[in-house]
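Remarks on the structure that follows.
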Amino acid sequence: MPRYFYVILLTLLCGCLLNCNSTSGTPVSKTDFLMGTYISITSYDDQLPPGKISEGIDSAFQYIRSIERLASPYDNNSLIWQLNNARQDERRQKLSGDLLTLAREALKIAADSEGHFDYTLWPVFRLWGFDTDSASVPAPEKISHELQFVDYQQVSLQGDSLYLPAGMMVDFSGIAKGYAVEAARAILKRYGMKNFIIDAGGNLGIEWHQERTIAVQIRHPRKAEAFWGSFPIKTSCGIATSGDYHFYFLEAGKRYHHILHPETGYPVEGVVGTTIVAPNAILADGYSTAVFAMGQSAGEQFIHSRPMLEGLMITEKNDTLNTWVSPGLAQFFEAGEE
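Here the working numbering is used: the first residue of the sequence shown is 7, the next is one more, and so on.
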């Protein structure tokens, strides 16, 4: 019987639970609260001294902290906050290092998804107050007003300078966790680690060079301690899940979640959750949001057209949940509790 490691994609607030059935050594694992979620790093590199692994994990966490301070649209010390709140009609900000790389990745994913991942949605998003205790449906006229400033095509990156038209704002946090995961992956590899899992609130970076299999379990979108299904992973990759159960509120009996459609400014309807398996965590993070916003038909076509991606979508119609799984994943996917 094969041995499995279980990775559970929970909400962005609860992080990941990990159970190891291996008998070949004790994993080294640490958890910290960063980027608004619990991030855990677990190494299964039995050939390395635990002290060296621990040092590498600490170094990775330290780097993630620097990314958190760099790109937050909430932090008035970050370049993104300063750019968004500058008073000039047309703003220009010279970027460097991680922020420049993050911006380039965001622009590429936005273009590839034809704006379904749109990093200029921040003016509309903040109207909803999902990050506060007073989230509510904004007045339609407020949404309409802010939608005029949502258009990823109006933002340009020329060399190392980001140009932002008047009234527009950017938010790269849609791929920031995926970027942080990949930055941590690079650090851990420099410390000689070859078998580890980084979980940033459901954004996974898996580095794996063993015969044993990782079993990824998808959280049930409507039952707190149940699982919708699972699938095995045997190679290094990135995995991300987006769901209407991560951040939401109920108003007049209706669920309003945080994944907004860039064209309407309202939560996407008909899709409950998406999970994307990609070559790295940055792509998985961005594309899970984009596919969610596309809806089932366009989302399926998008995944089909990109051989590097696998994924699944949980959709809802007439209070009934259904699952679509990409062909490459379908042969391994095992349904859980409905």
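Think of the CB as a built atom: it goes at the ideal place given N, C-alpha and C, for glycine as much as any other residue.
### Message
Tell me which residues share the same chain as C243 and place their Cβ nearer than 6 Å to its Cβ, disregarding the 5 neighbours each side in the sequence.
### Response
In the sequence shown, the residue the question calls residue 243 occupies position 237. Cβ within range, chain order: I212, V283.
### Residue span of the alpha helix (DSSP H) that contains M319, given as start and end
On the sequence shown, position 313 is the one that residue 319 refers to. It is not in any alpha helix (DSSP H) - M319 instead sits in the beta strand (DSSP E) that spans 316-323.
### Query
Under the DSSP definition of a beta bridge, which residues are partnered with Y262?
Counting from 1 along the sequence shown, the entry for residue 262 is found at position 256. DSSP output for Y262 lists F255 as bridge partner(s).
### Query
D52 to F178, Cα distance in whole Å?
What you label residue 52 is simply residue 46 of the sequence shown in a count that begins at 1. What you label residue 178 is simply residue 172 of the sequence shown in a count that begins at 1. Distance between the alpha carbons of D52 and F178: 36 Å.
#### Entry: Cross-strand partners of F202 (DSSP beta bridge)
The residue labelled residue 202 in the question sits at position 196 within the sequence shown. For F202, which the question treats as bridged, DSSP gives the partners S49, E213.
### Task
Please classify A284: does DSSP put it in a helix, a strand, or coil?
As a working mapping, residue 284 is identified with position 278 in the sequence shown. Looking at A284 - three-state DSSP - the assignment turns out to be strand.
#### Entry: Option nearest I265 by Cα separation, candidates H252, E257, T37
By 1-based counting over the sequence shown, the position of residue 265 is 259. Ranking H252, E257, T37 by Cα distance to I265 puts H252 first.
### Query
Does DSSP put S294 in a helix, in a strand, or in coil?
On the sequence shown, residue 294 is found 288 positions in, with the first residue counted as 1. In the structure shown, S294 sits in a helix (DSSP, three-state: H, G or I).
### Query
Are the beta-carbon atoms of L315 and T321 separated by less than 9 Å?
Position 309 of the sequence shown, counting from 1, holds the residue named residue 315. Position 315 of the sequence shown, counting from 1, holds the residue named residue 321. Their beta carbons are not under 9 Å apart, which means L315 does not touch T321 by this criterion.
### Query
Taking the alpha-carbon positions, what's the I224 to A341 distance?
On the sequence shown, residue 224 is found 218 positions in, with the first residue counted as 1. On the sequence shown, residue 341 is found 335 positions in, with the first residue counted as 1. For I224 and A341, the distance between alpha carbons rounds to 10 Å.
### Message
Please state the DSSP three-state secondary structure of S30.
### Response
Walking along the sequence shown from the start, residue 30 turns up at place 24. In this predicted model, S30 has a pLDDT of only 48, less than 50, meaning its place in the structure is not dependable enough to derive any value.
### Query
Going along the chain, which residues of its own chain have a beta-carbon closer than 6 Å to the beta-carbon of A182, five neighbours each way excluded?
Residue 182 sits at position 176 when you count from the first residue of the sequence shown. Answer for A182: A77, listed in chain order.
### Query
Comparing alpha-carbon positions, which option in F155, V187, S248 lies nearest E285?
Indexing the sequence shown from 1 puts residue 285 at position 279. Rather than Glu, the amino acid found at residue 285 in this sequence is Pro. Comparing alpha carbon positions, the residue from F155, V187, S248 closest to P285 is V187.
### Message
I'd like the list of long-range same chain contacts for H215, defined as Cβ closer than 8 Å, with 5 residues on each side in sequence excluded.
### Response
The residue you call residue 215 lines up with position 209 of the sequence shown. Short of 8 Å from the beta carbon of H215, and not among the five residues preceding or following it, lie these beta carbons of its own chain, in chain order: K200, N201, S242.
### Query
Alpha carbon to alpha carbon, what distance is there between D124 and S294?
Locating residue 294 in the sequence shown gives position 288, counting from the first residue. Locating residue 124 in the sequence shown gives position 118, counting from the first residue. When only Cα atoms are considered, S294 and D124 end up about 13 Å apart.
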